[in-house]
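Please read the structure below before turning to the comments.
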Amino acid sequence: MRMIHTTSPACGPRPHRAASAWAPPVDVLETEQLYLLRIDVPGVDEKAVSVELEQGVLRVKGERKQAEAEGASYKLRERRAGAFRRNFRLPDAIDAEGIEAKFDRGVLEIRIPKVERSRKIPIQ
Amino acid sequence: MSLMRYNPRAMTPWFDFDRFFEDFEPGVGLTRKAGEKAWAPAVDIFEDEKEIVIKADLPEVKEEDLDVRVEDGQLTLKGERKFEHEEKKDNYHRVERRYGSFQRTFGLPENVDADHIVAKYDKGVLKVTLPKLEKPKNARTIPVK
Chain A
1 MRMIHTTSPA
11 CGPRPHRAAS
21 AWAPPVDVLE
31 TEQLYLLRID
41 VPGVDEKAVS
51 VELEQGVLRV
61 KGERKQAEAE
71 GASYKLRERR
81 AGAFRRNFRL
91 PDAIDAEGIE
101 AKFDRGVLEI
111 RIPKVERSRK
121 IPIQ
Chain B
1001 MSLMRYNPRA
1011 MTPWFDFDRF
1021 FEDFEPGVGL
1031 TRKAGEKAWA
1041 PAVDIFEDEK
1051 EIVIKADLPE
1061 VKEEDLDVRV
1071 EDGQLTLKGE
1081 RKFEHEEKKD
1091 NYHRVERRYG
1101 SFQRTFGLPE
1111 NVDADHIVAK
1121 YDKGVLKVTL
1131 PKLEKPKNAR
1141 TIPVK
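Listed in order, the protein sequences are those of chains A and B.
End of the first sequence sits at 124 in the working numbering; the numbers just go up one at a time, nothing left out.
End of the second sequence sits at 1145 in the working numbering; the numbers just go up one at a time, nothing left out.
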């Protein structure tokens, strides 16, 4: 089976949503060679993001800081701040060592190379 | 993989629980209507004694596709987030990010110095700084005789 599930940090009722992590939007695509995740995290510092692979689940987490000058007051606050998180269940046939992540213009791009699942065994 | 009960929803690639719940939340849906012409980027506005700052989330947007203008006491941010990736659209499992034209308009207070508004784009965020005038434009001290 070839699929990448995104798993929720907390399924079901979430009474304290304000305190929980927010989920940045993601595009997922697949080519012959790889899976590609593009996650919108505008304003996030590279160093404030971690990408980890653990038991087939790719965990992307980080924090968007809202550090403004003292004495400033908010008139409108729509941008989510604080901790964010997205988890992705990866297919089996991937090259875990070859996963690459890069940042550009507020987008985190993660490239996950595929590996050949079946191998033809020559008959001698 | 062990044998498990067939669940069509859970078996769908890219089924996303986060979004599933979020779609029912008030507020989020307002800017995420399908078929809507222009989308509205999320914005923060804050001010202190000296200035008003507007920050808009516009990831992946190029400077040349951004238009910031002041007209009739209104500030308009508009532009386009182009779908420029070379991959074919049918290769996509999920598309949650918004593409196409976006626009937001804000009324400006009287005391904004419209000639010195500065816009900067960094790490996917557009930051517009609107300095305040020391005195409102139309204010005048009337000497008491």
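Glycine included, each C-beta is placed from N, C-alpha and C at the ideal position.
All values reported here derive from a predicted model rather than from experimental measurement.
- [ ] Could you name each continuous beta strand (DSSP E) segment of 3 residues or more that falls completely within the stretch 1072–1141 of chain B, going from the start of the chain to the end?
- [x] 1074–1081, 1092–1095, 1100–1107, 1118–1122 and 1125–1131
Open item on the list: Is A/Gly62 close to chain B? Criterion is C-beta to C-beta, closer than 8 angstroms.
Closed with: no
Task: Top-ranked residue by Cα proximity to B/Arg1069, from B/Gly1107, B/Lys1123, B/Gly1124 and B/Lys1135 - done: B/Gly1107
Open item on the list: Within 8 angstroms, do at least three Cβ pairs link the stretch 54–66 of chain A to the stretch 113–124 of chain A?
Closed with: no
Task: Minimum Cβ-Cβ distance from A/Arg111 to chain B less than 8 angstroms - done: no
Task: Contacts around B/Ala1038, its chain only, beta-carbon distance under 8 angstroms, and the 5 residues preceding and following it disregarded - done: Lys1078, Gly1100, Ser1101, Phe1102 and Gln1103
Task: DSSP-derived helix/strand/coil call for A/Asp45 - done: coil
- [ ] Within the same chain, show all residues whose beta-carbon is closer than 6 angstroms to that of B/Thr1031, passing over the 5 residues directly before and after it, in chain order.
- [x] Residue placement at B/Thr1031 cannot be trusted, given a pLDDT of 40 that sits under 50; the coordinates are not used to answer.
Task: Under 7 angstroms by beta carbon: chain B residues contacting A/Glu30 - done: Asn1091 and His1093
Open item on the list: Can you tell me whether B/Asp1048 is helix, strand or coil according to DSSP?
Closed with: coil
TODO: Going by CA-CA distance only, name the one from B/Val1061, B/Leu1058 and B/Ile1052 that's closest to A/Leu76.
DONE: B/Ile1052
Open item on the list: I'd like the list of long-range same chain contacts for A/Ala83, defined as Cβ closer than 6 angstroms, with 5 residues on each side in sequence excluded.
Closed with: Ala21 and Glu63
Task: Three-state secondary structure assigned by DSSP to A/Ala96 - done: helix
Task: Member of B/Lys1050, B/Asp1048 and B/Ile1054 whose CA lies at the smallest distance from the CA of B/Asp1126 - done: Sequence inspection shows Leu at residue 1126 of chain B; the Asp mentioned does not correspond to that position. Checked all of B/Lys1050, B/Asp1048 and B/Ile1054; the closest Cα to B/Leu1126 is B/Ile1054.
TODO: Report the three-state DSSP secondary structure of B/Glu1022 (helix, strand or coil).
DONE: Residue confidence for B/Glu1022 is low, a pLDDT of 38 falling below 50, so the modelled location carries little weight; the figure read from the coordinates is stated next. Note: B/Glu1022 maps to helix in three-state DSSP.
TODO: Between the Cα of B/Glu1064 and those of B/Glu1096, B/Asn1091 and B/Tyr1121, spot the shortest distance and give me the residue it belongs to.
DONE: B/Tyr1121
TODO: Pull out every residue of the stretch 1108–1141 of chain B whose Cβ sits closer than 7 angstroms to any Cβ of chain A, in chain order.
DONE: Lys1123, Gly1124 and Val1125
Task: Option in B/Leu1130, B/His1116 and B/Leu1066 with minimal Cα separation from B/Glu1080 - done: B/Leu1066
TODO: Establish whether the CB of B/Ala1042 and some CB of chain A are separated by less than 8 angstroms.
DONE: yes
Open item on the list: So, for A/Glu109: in the same chain, excluding its five sequence neighbours on each side, which residues have a beta-carbon less than 6 angstroms away from its beta-carbon?
Closed with: Arg38 and Lys102
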